[in-house]
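Here's the structure, in C-alpha cells; my notes come after.
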Amino acid sequence: MQFNKFRLLICYQLIIIVVVSVLIYLYTLGNNFAYDDKFTITNNYLIRSWHKIPAIFTNDYFTASGELSYRPVVTLSYFIDYFFWRLNPSGYHLTNLFLHSLNSVLLFLLISRLWSGIRDKPDRETWSFSPKNPDVCWPVIQTAQTAVPFIASLIFCTCPILAEAVNAISYREDIMAATFYFAAFLFYLKTSQRRSVVWYAISLVCYFLGLFSKEMAITFPILIGLYDILRHGKTFFTFKRIRYYIGYILITVFYVALRFVFLHNPTESYIPYPQNSLWINFLTMSKVIASYIKLLFFPVHLNADYVVPHASSPLELSFILSFLLIVSVIVVTYRLFFYSKTLFFSILWFFVTLLPVLNIIPIENIMAERYLYIPLVGFCILGGQLLSLIPKSGSKSGILTSCSFPLIIVIILIGFSWQTCNRSKIWFDELSLWSTTVVDSPQSSRAHNNLGVLFKKMGFVDAAMKEYNTAIQIRPDYSEAHGNLANVYMDKGLSILDKRVLSKTHDNLAKAYADEGHLKNAIAEYKKSIQISPFNETAHFNLGVTYGKMGLTNDAEIEYKNVIQLNDNNPHAHNNLGNIYEDRDLLDKAMTEYKLSVSIDPESAITHNNMGNVYFKKGALDEAIMEYKLATKYAPKGLIYHENLGNTYIKKGLIEEAIAEFESIVEISPKNTSTYVTLITLYWNNKRDSQKAIHYLKELSVLEPEQSESINKMIEKLGVKE
Numbered sequence: 002m003q004f005n006k007f008r009l010l011i012c013y014q015l016i017i018i019v020v021v022s023v024l025i026y027l028y029t030l031g032n033n034f035a036y037d038d039k040f041t042i043t044n045n046y047l048i049r050s051w052h053k054i055p056a057i058f059t060n061d062y063f064t065a066s067g068e069l070s071y072r073p074v075v076t077l078s079y080f081i082d083y084f085f086w087r088l089n090p091s092g093y094h095l096t097n098l099f100l101h102s103l104n105s106v107l108l109f110l111l112i113s114r115l116w117s118g119i120r121d122k123p124d125r126e127t128w129s130f131s132p133k134n135p136d137v138c139w140p141v142i143q144t145a146q147t148a149v150p151f152i153a154s155l156i157f158c159t160c161p162i163l164a165e166a167v168n169a170i171s172y173r174e175d176i177m178a179a180t181f182y183f184a185a186f187l188f189y190l191k192t193s194q195r196r197s198v199v200w201y202a203i204s205l206v207c208y209f210l211g212l213f214s215k216e217m218a219i220t221f222p223i224l225i226g227l228y229d230i231l232r233h234g235k236t237f238f239t240f241k242r243i244r245y246y247i248g249y250i251l252i253t254v255f256y257v258a259l260r261f262v263f264l265h266n267p268t269e270s271y272i273p274y275p276q277n278s279l280w281i282n283f284l285t286m287s288k289v290i291a292s293y294i295k296l297l298f299f300p301v302h303l304n305a306d307y308v309v310p311h312a313s314s315p316l317e318l319s320f321i322l323s324f325l326l327i328v329s330v331i332v333v334t335y336r337l338f339f340y341s342k343t344l345f346f347s348i349l350w351f352f353v354t355l356l357p358v359l360n361i362i363p364i365e366n367i368m369a370e371r372y373l374y375i376p377l378v379g380f381c382i383l384g385g386q387l388l389s390l391i392p393k394s395g396s397k398s399g400i401l402t403s404c405s406f407p408l409i410i411v412i413i414l415i416g417f418s419w420q421t422c423n424r425s426k427i428w429f430d431e432l433s434l435w436s437t438t439v440v441d442s443p444q445s446s447r448a449h450n451n452l453g454v455l456f457k458k459m460g461f462v463d464a465a466m467k468e469y470n471t472a473i474q475i476r477p478d479y480s481e482a483h484g485n486l487a488n489v490y491m492d493k494g495l496s497i498l499d500k501r502v503l504s505k506t507h508d509n510l511a512k513a514y515a516d517e518g519h520l521k522n523a524i525a526e527y528k529k530s531i532q533i534s535p536f537n538e539t540a541h542f543n544l545g546v547t548y549g550k551m552g553l554t555n556d557a558e559i560e561y562k563n564v565i566q567l568n569d570n571n572p573h574a575h576n577n578l579g580n581i582y583e584d585r586d587l588l589d590k591a592m593t594e595y596k597l598s599v600s601i602d603p604e605s606a607i608t609h610n611n612m613g614n615v616y617f618k619k620g621a622l623d624e625a626i627m628e629y630k631l632a633t634k635y636a637p638k639g640l641i642y643h644e645n646l647g648n649t650y651i652k653k654g655l656i657e658e659a660i661a662e663f664e665s666i667v668e669i670s671p672k673n674t675s676t677y678v679t680l681i682t683l684y685w686n687n688k689r690d691s692q693k694a695i696h697y698l699k700e701l702s703v704l705e706p707e708q709s710e711s712i713n714k715m716i717e718k719l720g721v722k723e
C-alpha cells in the first residue's frame, strides 16, 4: 500500500514537471526565427530534400548545413521539422519545447537513481533529520528521494539561464545533447544494477547520438567514472566494473578521429585564443568561470551575446576577484567530500561538464548561457538537496521551518518562471532580440551588426550604417560587418545608377558609380571583409554582384567561382554564374549552372525562369513552357514569369493558353498597360473577338486618359459604336 502511494506521488510529480515546463515556454510557439536560425534553417537548402541526407556524412556538411562543428543528429532533426512545418517557426519551437520537457522528465528519473544509488547508506545530513527517532529514518530518506529530484527538475525546467537554448532553434544542439546525455546515464545505471547487455547497448547508442548532437557530451565517460568511484570506492578498480567503460572509450576515440581528422571543418582552425595567447586565455577563462558561478546563484542581467574583456595580467582586480571565488568553491567542494557525497558529486557535475566550453580548444564564443544547459544539472541537484532538507521534528523552530521551506521553494520557482517568460518575449524576433542586446551589451559588435541588418531591411539606411560602423569600431577585424557596410554602399550606388541610366545623363555604369564613390567604398569593404575572413562566401558573392552590375563580368565570374569553391551548395552563385554564361551565349554552360542551382533549391522561381529562357533560345518550347510553369508555381505573383510563359504559348500557337496567362497578369497587376495591349492584339488578330478587344481597349483608356482619342478611333475601327 505504501509502495503504491509512493509510485502515485512520483506520477503526480512528473505531471507537474511537464505542465510547468510547457506553460513557461508556451509563449515561444509564437516566436519567429532568430539569431543563427537563418544559417541552420531559413537559408539552409540542405534540409529541404530527403535525398540530400547523404551529404551530412561528407565534408560538404559544413558548407551546406550552416554548422561550424559536426552535429549531424541535430541537422537530421531539422530535416524532420522541415518535412512537417516547412518554414513555419512555430513547429520548430514546438520541437524545442517538447525536447526541453522531455529533458526535465529524464532529469527527474536520473536524479532519483543518482540520489538512491550514490550512497550505500544515507549521508550525515539525511540521518540528522530525525536522530531521536530512528524508526522514521526510512520514510525520511524515501521522502528525500522524491523531493530532491522533484525540486531539482522544477529548477531545471524554470531556470531563466536555459531560455536561450529553448528559444533559439539553432541551439537545439544543447537540448538534444542533454537528452541523450541523461538517457545514456539512466541506461548505464540500469546496466550496472541488472548487468543487462540490452541496457548497456542502449546507453552506448545514446552516448553516440549525444556526441553527434554536440561535443559537450564527451564528458560523459568521465562523469560516470567519478560517480562509480564515489559509489563503490576502492572496489571500483576491478575489471568487473571497468569493463563497461570500454564501449564508451571506443565511441569517444571514433568521434575524436571523425571530428578532427576525417570530417574536420577547416574554418575552426582559424579561431584563435584571445590575443593568440594561452596565458591570456587562462586569465580570461577564469573570469568566465566566475561569471558562470555568479549566474547560477543570481540569474539576472542575462544576455544573448556576452562580451568578456580579455584579462592580460593576474594583478587585474577582475581576475583577482574571479580567482578568489573559484578557490572558495574548490575549498567548499573539498569539505563537502567528507560531509556529503551527493553534494560533492553535484559540484563535480557542474565543473566536469563545463570543460568542453572552457576554450581549451578555441571556440567562437567564449561565454554563452546555452553552454550551461548540461552543467546546470549539478546546480539543480545541489539546490534540490538544500531546499528539500526536512527540519527536526518536535521543535517550534522546526514547525516554522516546515512551513517556510515550501514557501521559499515556491518564491524561487515563481521568480525563475517570471524571468524565463520575459526572456522568451525578448526572443520574439530579431528586432526585439538585438535591440535589447545592444542595451544590455553595448560593446557587442555582433549585436550592433545584426541590428544594422534589421535597420537596412526596414529602410533605415543611415541608422544601419551607424550600427555597422559601431561594430567595426569595436572590432576592426569583423568581416561580416565590413561586408554589410559594403552592401549599403552598393545599394546606394545602384539606386543612383538606376536614376542616371533612366535619365541618360551618363554613358556607362562604371562612371555612374565612380562619380558617387559608392562603388569604390563597396569594393573596398568587400575586399577588406574577404581579407579578414577568406572563407566569407557572402562577401565573395556580393563582390561578384557588384562587378556584375558594373559590367565587369570576368571579375564577377571569378567571385562566383570562389563562392562555389567555398560552398558548392550555394544556389545563388550557380544561378548568377549561369546568367553570365547565358549573356555570352554559352547556353549549355548556363544550363549546367542553372540545373545545379535548382538541384539545391528546387523551388527557386527565378532559376526555373532562367532555364526557360535558355530552352526558349534553343527553340525547345515545350521544355521552356515546363520551366516557366514551375516558375509561376513557386512565385504566383511573378509578372515576368507569367509574361514569359504567355509569350512562349504565342510562339507555339497556343492562343487560349496565352490569353489565360496575360489575363492572370491583369488580375495580379491591373495597371500593367503593356498586358492590355497584348490582350487586345490576341483577341482581335488571333481570335477575332471584337467585344473582348474593345473591353480591354476601354480598360486601357482609363489607365491612359491622354491616349483616349486614339483608343476611341481604334474602337470605331473595330466596327462597334460607343
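The opening position of the sequence shown corresponds to residue 2 in this note's numbering, with each subsequent residue numbered one higher. Every residue, glycine too, gets a C-beta built ideally from N, C-alpha and C. Note that the structure is predicted; figures quoted are calculated from it, not measured.
Cβ neighbours of D175 within its own chain (closer than 8 Å, five residues either side excluded): A166, K215, M217, R371, Y372, Y374, I375.
Of the candidates P150, Y71, V74, L155, the residue whose Cα lies closest to the Cα of H101 is L155. In the structure shown, L15 adopts helical secondary structure according to DSSP, grouped into three states. Cβ-Cβ distances below 7 Å link Y629 to N610, G613, Y642, N645, L646, T649 in the same chain, with the five nearest sequence neighbours on each side left out; the list follows chain order.
Around the Cβ of A591, a 10 Å sphere holds 16 or more other Cβ atoms; the residue is buried.
Distance from the CA of T43 to the CA of S329, rounded to the nearest whole angstrom, comes to 46 Å. For I48, same chain residues with a beta-carbon under 6 Å away, outside a window of 5 residues either side, are Y79, F80, Y83 in chain order. Between the C-alpha atoms of I17 and V378 there is a straight-line separation of about 19 Å. Per DSSP, W428 lies in no alpha helix (DSSP H) segment and is marked neither H nor E. Residue Y697 holds the alpha-carbon nearest to the alpha-carbon of V667 among V546, E658, L107, Y697.
Sorting V411, T438, Y249, T96 by C-alpha distance to the C-alpha of R424 places T438 at the top. Separation of the CB atoms of Y208 and P572 is rounded to 37 Å, and the pair is thereby denied contact status at 8 Å. Within a 10 Å sphere around the beta-carbon of I219 sit 16 or more other beta-carbons, which makes this residue buried. Counting only runs of 4 or more residues that sit fully inside the stretch 686-718, the alpha helix (DSSP H) segments are 691-704, 709-718, in chain order.
Burial is judged here by how many other beta carbons sit within 10 angstroms of a residue's own beta carbon; D690 has fewer than 16 and is exposed. An exposed status is given to E365, since fewer than 16 other beta-carbon atoms sit within 10 Å of its beta-carbon.
Excluding the 5 residues flanking it on each side, A606 has same chain C-beta neighbours closer than 7 Å at A632, Y635, A636, G639, Y642, in chain order. In the assembly as shown, H302 is an exposed residue. Its beta-carbon has fewer than 16 other beta-carbons within 10 Å. Cβ-Cβ separation between I170 and Y93: approximately 4 Å, consistent with a contact (criterion under 8 Å). CA-to-CA, the gap between G211 and P357 works out to about 14 Å. DSSP, reduced to helix, strand and coil, places R72 outside both helices and strands of the structure shown, so it counts as coil. When the alpha-carbon of F109 is set against those of L27, C12, P90, the nearest one is in C12.
Burial check for D463: the Cβ neighbour count within 10 Å stays below 16, so the residue is exposed. Across the structure, G67 and E657 are spaced so that their CA atoms are roughly 46 Å apart. Collapsing the DSSP output to three states places R336 in a helix.
By the beta-carbon neighbour count (other beta carbons within 10 angstroms, threshold 16), T41 is buried. Counting C-beta atoms within 10 angstroms of its own C-beta, S204 has 16 or more neighbours from the protein chains shown and is therefore classed as buried.
Rounded to the nearest whole angstrom, the CA to CA distance from T547 to E538 is 14 Å. With a threshold of 16 other beta carbon atoms within 10 Å, Y335 falls short and is exposed.
In terms of Cβ geometry, I475 and S446 form a close pair [threshold 9 Å]. In the three-state reduction of the DSSP assignment, C160 falls in the coil class.
About 26 Å separates the Cβ atoms of P315 and L349, ruling out a contact at the 8 Å cut-off. Following the DSSP letters along the chain, one finds Y189 inside the alpha helix (DSSP H) bounded by residues 173-195. Taken atom to atom, the span from the alpha-carbon of I412 to that of A312 is near 37 Å. Going by DSSP, I250 is part of the alpha helix (DSSP H) stretching over 246-258.
Contact check for A305 against D441 passes: the beta carbons are separated by less than 9 Å.
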